[in-house]
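Comments concern the structure below.
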Amino acid sequence: MSLIETVPVNTEHKSVPVHLHSNLSGLSEEIAKLPGVTSVFLITEKSIHSIYSKYLERELSSLPIKTIYIKGGEKSKHINRTGEVYNQLIEYGADRKSLILAFGGGVVGDFAGFIASTYLRGIRFVQIPTTLLACVDSSVGGKVAVNADFGKNMIGSFYQPEFVFAPLSVLSTLPDREWKCGQAEIIKHSLLSGGEYWEKVKTHSFKDLNVDSTILPYLIAESVRFKANVVSSDEKETGLRKILNLGHTTAHAIESVTKYKKYSHGEAVAIGLVTALLLSEQHFELDPVTTKETIESLKNYGLPFQTKLKSKQLAKHMLHDKKNVGGSIRFVLLKSPGSPIFDISINSEDIILAIHKQKGI
């Protein structure tokens, strides 16, 4: 058996196990535990499927599976792309007892989860993340969404999968950039958690990340465990779960300004973390040492910590962030590692000053 660890996400209405596995072995057994599945639909990208098709076919040979391909990248995760997939499901005869398997990174997981949450008012789905970022973040917690013309993840819902199955062996095929993107979310989680987790993250670097290392399963499990604890106490993001948006106000603005072309999500989050920490220094007297240590950690993992994009342009795009209330730009800030605060209203002038300071580091 390839099981490394199972981390439960216990919400008010459902317990979702996150299974960390060394490979794909055991996936069919988990699916077989789901009662009354009439048909299975694999939603994935062709480039991902071509790499793992023989492993999937071997593991899922006993199941009647139809595959639906979507294009890769954030641009494919648009509301305009959903109609084609709905039509394919209808054509294939998908019913309310059908199961969707989301096999891919964050884009596939978000998109397939949104399809599952809306087709026939909701059918079951399973998250099978194939990137580090998806393993530690987007596949866990039940957020599913698609993009609109004026913002990322503007149309979505909270919809929990039946389970998450994370096969770490698939990470071995990731390009360096994808490894680094996932590490940005790990750094974010460690800052929010503080304590031993933050100390561990600071003492490692990009060269330590590989599927054969002992540190990788630890970092992934701790990240999943931290997020699971947060989601378990606040599934619908009415309070505590908002802390998981640390770094994301700036990140989403960066992605929007560059039309998702220049920066990956993880790279944008890395830059956004530094913006948030500089604002934390200004508004909550965060020790500048934390900011310096975070920048060093980002460097060690090969991540950016500043951008040449215009400060005013980024601040303008933040006005469209879905976390805003009454036109007020809301940030998650940090008093110290392990002590985050959310729903902090920051004016555009302070944001512009922070990003300007960031450019000069």
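Taking my numbering as reference, the numbering of the sequence shown is continuous, increasing by one, and the terminal residue is 385. We treat Cβ as the ideally placed atom computed from N, Cα and C, and that holds for glycine.
Cβ contact annotation for I75 (same chain, cutoff 7 angstroms, sequence separation greater than five): T197, in chain order.
When DSSP reads this structure, V188 sits in a beta bridge with V42, Q151.
Under the Cβ criterion (8 angstroms, minimum of three pairs), the stretch 115-125 counts as touching the stretch 57-68.
When only Cα atoms are considered, R105 and H276 end up about 21 angstroms apart. With a cutoff of 9 angstroms on beta-carbon distance, I152 and V109 are scored as not near each other.
The C-beta distance from F127 to T155 rounds to 11 angstroms, too long to fall under 8 angstroms, and the pair is not in contact. Within the same chain, Cβ atoms closer than 6 angstroms to the Cβ of Y116 are found at K90, the five residues on either side in sequence being excluded. Taking the CA atoms as reference points, G362 sits about 19 angstroms from R354.
DSSP places L264 in no alpha helix (DSSP H); its state is neither H nor E. Per the coordinates, the alpha-carbon of A245 lies some 13 angstroms from the alpha-carbon of E209. In chain order, G133, Q151, P153, V188 place their CB closer than 6 angstroms to the CB of S163, counting only its own chain and leaving out the 5 sequence neighbours on each side. Between G296 and T318 a beta carbon distance of about 11 angstroms is seen, past the 8 angstroms cut, so the two are scored as non-contacting. The distance from the Cβ of L358 to that of Q207 is about 18 angstroms, inconsistent with a contact at the 8 angstroms cut-off.
T331 is the residue among D345, K347, T331 whose C-alpha sits nearest the C-alpha of K383.
In this model, H73 and G351 are separated by some 42 angstroms (Cα to Cα). 9 angstroms or more divides the Cβ of S304 from the Cβ of E202.
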